[in-house]
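Visitor:
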Amino acid sequence: MRGPVNTSDKRDSLNQPAKAGLSGGQIAGRGSARRVALCGLLTALMLTLGYVESRIQLMPAVPGIKPGLANGVLLYGVWLLPPALTTGLMLVKVLLSALFFGNPFGLAFSLAGGVLSLLGMQLMRRFTGFGVISCGVVGALLHNAGQLLVAVPLMGNVNLLYYAPVLALAGIGAGLLTGFAAGLVIRVIHPGPPP
0 MRGPVNTSDK RDSLNQPAKA GLSGGQIAGR GSARRVALCG LLTALMLTLG
50 YVESRIQLMP AVPGIKPGLA NGVLLYGVWL LPPALTTGLM LVKVLLSALF
100 FGNPFGLAFS LAGGVLSLLG MQLMRRFTGF GVISCGVVGA LLHNAGQLLV
150 AVPLMGNVNL LYYAPVLALA GIGAGLLTGF AAGLVIRVIH PGPPP
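When the letters of the sequence shown are read in order and numbered with numbering that gives the first Met the number 0, they come out as residues 0 to 194.
#1: Once you ignore the five residues that flank residue 181 on each side, which residues in its own chain have a CB closer than 6 Å to its CB?
#2: Rounding to the nearest angstrom, what Cα-Cα distance links residue 47 and residue 67 in this structure?
#3: So, is residue 64 buried or exposed, given that buried needs 16 or more other C-beta atoms within 10 angstroms?
#4: Would you say residue 136 and residue 185 are within 9 Å of each other, going by their C-beta atoms?
#5: Under a three-way DSSP split, which group does residue 183 fall into?
#6: For residue 145, which residues from the same chain have a beta carbon less than 6 Å from its beta carbon, with the 5 sequence-adjacent residues on both sides left out?
#7: Would you tell me roughly how many angstroms separate the C-alpha atoms of residue 155 and residue 80, rounded to the nearest one?
#8: Per the contact definition of three or more C-beta pairs closer than 8 Å, is the region 38-54 in contact with the region 89-101?
#9: Starting from residue 157, trace the alpha helix (DSSP H) both ways and give me its first and last residue.
#10: Which residue from 174, 119, 106 and 117 puts its Cα closest to that of residue 150?
#11: Taking the alpha carbon of residue 91 as the reference point, which residue from 43, 161, 128 and 189 has its own alpha carbon closest?
#12: Relative to the ligand SAM, is the shortest distance from any of its heavy atoms to the C-beta of residue 184 smaller than 8 Å?
#13: Measure the alpha-carbon distance for residue 174 versus residue 163 and round it to whole angstroms.
#14: Please report the straight-line C-alpha distance between residue 118 and residue 166, rounded to a whole angstrom.
#15: Can you look up residue 80 in the DSSP assignment and give me helix, strand or coil?
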């Protein structure tokens, strides 16, 4: 007959308090249950913010201008999660948003903007010393550029390029907003120097 099992050496990572200074891999890699819960939470948050902003018309005379609130969640992912996990979140968000709220054109626009934006933010995060706000502005500008690059051939109208300055100004504003918000969240979740 076996004696009592000593469990004092075993640690259940879900019951351990979070430590300041965890890297993105540690946040996402502390057990599959935690990873699935985090991905589900972030996906739900991105879908909710995407739905809310789809109901807001910032400039009725200029269609398609949105604050990009869901991209703030992605910016959080760029800063604190592994790149593969953040890429998966973006793809799931784009596909589910198209399924729930959009159309095939919306899927093409969102995918182009999302891929270009995420790639730019991840490269900027990895290879430069710029902060969250700068990364948010670059991400927003690239998102708008990706959508515009898809819109011109899809709609067969090169005159859409005249819309680029308006999209650039809107991207700078949206990037400042999402970068600032993501920076606040990151500082609360991960106090201290950036990971």
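Note that beta-carbon positions come from the ideal geometry of N, C-alpha and C, so glycine has one too.
Guide: In short:
#1: Indexing the sequence shown from 1 puts residue 181 at position 182. Cβ neighbours of residue 181 beyond the five flanking positions: 71, 74, 75 and 131.
#2: In the sequence shown, residue 47 corresponds to position 48, counting from 1. In the sequence shown, residue 67 corresponds to position 68, counting from 1. Going by the C-alpha atoms only, they are around 12 Å apart.
#3: As a working note, residue 64 is residue 65 in the sequence shown. Under this definition residue 64 is a buried residue.
#4: In the sequence shown, counting from the first residue as 1, residue 136 sits at position 137. In the sequence shown, counting from the first residue as 1, residue 185 sits at position 186. Result no, Cβ atoms of residue 136 and residue 185 do not sit closer than 9 Å.
#5: In the sequence shown, counting from the first residue as 1, residue 183 sits at position 184. DSSP places residue 183 in the helix class (H, G or I) of the three-state scheme.
#6: Taking the first residue of the sequence shown as position 1, residue 145 is located at position 146. 111, 112 and 115, listed in sequence order.
#7: Indexing the sequence shown from 1 puts residue 155 at position 156. Indexing the sequence shown from 1 puts residue 80 at position 81. Their backbone Cα atoms lie some 38 Å apart in a straight line.
#8: yes
#9: Here residue 157 corresponds to residue number 158 of the sequence shown, with the count starting at 1. Here residue 157 belongs to no alpha helix (DSSP H), and DSSP marks it neither H nor E.
#10: Locating residue 150 in the sequence shown gives position 151, counting from the first residue. For the residues 174, 119, 106 and 117, the minimum Cα distance to residue 150 belongs to 106.
#11: Position 92 of the sequence shown, counted from the first residue, corresponds to residue 91. Of the candidates 43, 161, 128 and 189, the one whose C-alpha sits nearest the C-alpha of residue 91 is 43.
#12: This structure simply doesn't include the ligand SAM, nor any ligand for that matter.
#13: On the sequence shown, residue 174 is found 175 positions in, with the first residue counted as 1. On the sequence shown, residue 163 is found 164 positions in, with the first residue counted as 1. Distance between the alpha carbons of residue 174 and residue 163 is about 16 Å.
#14: As a working mapping, residue 118 is identified with position 119 in the sequence shown. As a working mapping, residue 166 is identified with position 167 in the sequence shown. Near 19 Å, if we compare the C-alpha coordinates of residue 166 and residue 118.
#15: For the purposes of this step, residue 80 is taken as the residue at position 81 of the sequence shown. It is coil, neither helix nor strand.
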